[in-house]
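In what follows, a structure is listed as structure tokens, so that the remarks can point back to it.
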Amino acid sequence: MKGQEWYQADTVAEEYEAKRFSRGGRLIDRREKQAVLNAIGPVADKDVLEVACGTGRFTVMLAERGANITGLDISGPMLQQGREKAQATGVDDRVEFMRGDAARLPFPDDHFDTVFAMRFFHLADTPAAFLAEMRRVSKEQVFFDTFNRFSTRSIYNWALPMGSRLYSRWEIDRLLDGAGLELTDANHDWLLPYGFYRKIPNELAASFRSLDTALGGTPLCEKLASVSYWNTHV
1 MKGQEWYQAD
11 TVAEEYEAKR
21 FSRGGRLIDR
31 REKQAVLNAI
41 GPVADKDVLE
51 VACGTGRFTV
61 MLAERGANIT
71 GLDISGPMLQ
81 QGREKAQATG
91 VDDRVEFMRG
101 DAARLPFPDD
111 HFDTVFAMRF
121 FHLADTPAAF
131 LAEMRRVSKE
141 QVFFDTFNRF
151 STRSIYNWAL
161 PMGSRLYSRW
171 EIDRLLDGAG
181 LELTDANHDW
191 LLPYGFYRKI
201 PNELAASFRS
211 LDTALGGTPL
221 CEKLASVSYW
231 NTHV
């Protein structure tokens, strides 16, 4: 996994959300959460696994909506942030946070209704192995996002501290075929890369986002969007 040591540092966990989801990053947070909700639908009493749950942004959100959810991550400090967040919102009885390896998920086959991962596959050095594990423990649905190869993301990719894996549509199709997953639907978004939005104030970011959204329904967006959300079924 790229940047494991960097990712597991205490300081990274402490600053993770402040750096990524303040300023224009608030728009990113809202869009990602909506993408998860749109894909999974009603979650009350569903058994859900979030792979690479980080600080529990999505884990806690789904627990608040009634899911029985497990969040798995390799970073102890990130998981501690998630536990504190779950306790603060009163959903710690619906959430279990576990430290573990996404390449060897500690669950039996078909254990969860839904398995999902956000902000994970750009770090994956063996994406096929990770996706196969997600499919193995899911009996219904696997959802994940990727950063796209032919997009503005590639312009600053080299500057990221841990690097970032970018995917073409051909690579995604090959991964899904290899894991035995069928694509239900895909959404492509963010012509401008995440890094751009994080650098500017929220008010200014909203103006750029309006333009970005206006182009979202055009063929240009599907070809050049920096992020794709993939909803699949087993």
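Going by the UniProt record's numbering, the first residue of the sequence shown is number 1, and it counts up by one from there. Glycine residues also receive a C-beta, built at the ideal position from the N, C-alpha and C atoms.
Query                                                                                                                                                                           : Result
Based on Cα-Cα distance, which residue from 108, 228, 56 lies nearest to residue 86?                                                                                            : 56
For the region 118-138 against the region 161-180, are there 3 or more C-beta pairs whose distance is under 8 Å?                                                                : yes
What separation, rounded to the nearest whole angstrom, lies between the Cα atoms of residue 1 and residue 126?                                                                 : Low confidence applies here, because residue 1 scores a pLDDT of 48, under 50, leaving its location unreliable; read the following figure in that light. Distance between the alpha carbons of residue 1 and residue 126: 8 Å.
Excluding the 5 residues preceding and the 5 following residue 139 in the sequence, name in chain order all residues of the same chain whose CB lies nearer than 6 Å to its CB. : 110
List in chain order: all unbroken beta strand (DSSP E) runs of 3+ residues lying wholly within the region 125-198.                                                              : 138-147, 182-189
Among residues of its own chain, excluding the 5 on either side of residue 222, which ones have a beta-carbon nearer than 6 Å to its beta-carbon?                               : 188
Out of 234, 231, 190, 232, state which residue places its alpha-carbon closest to the alpha-carbon of residue 214.                                                              : 190
Tell me the rounded alpha-carbon separation between residue 103 and residue 142.                                                                                                : 15 Å
Just checking, does the region 34-43 make contact with the region 204-219 on the three C-beta pairs under 8 Å criterion?                                                        : no
Under the rule that 16 or more other beta-carbon atoms within 10 Å means buried, what is residue 46, buried or exposed?                                                         : buried
Would the beta-carbon of residue 73 fall within 8 Å of that of residue 44?                                                                                                      : no
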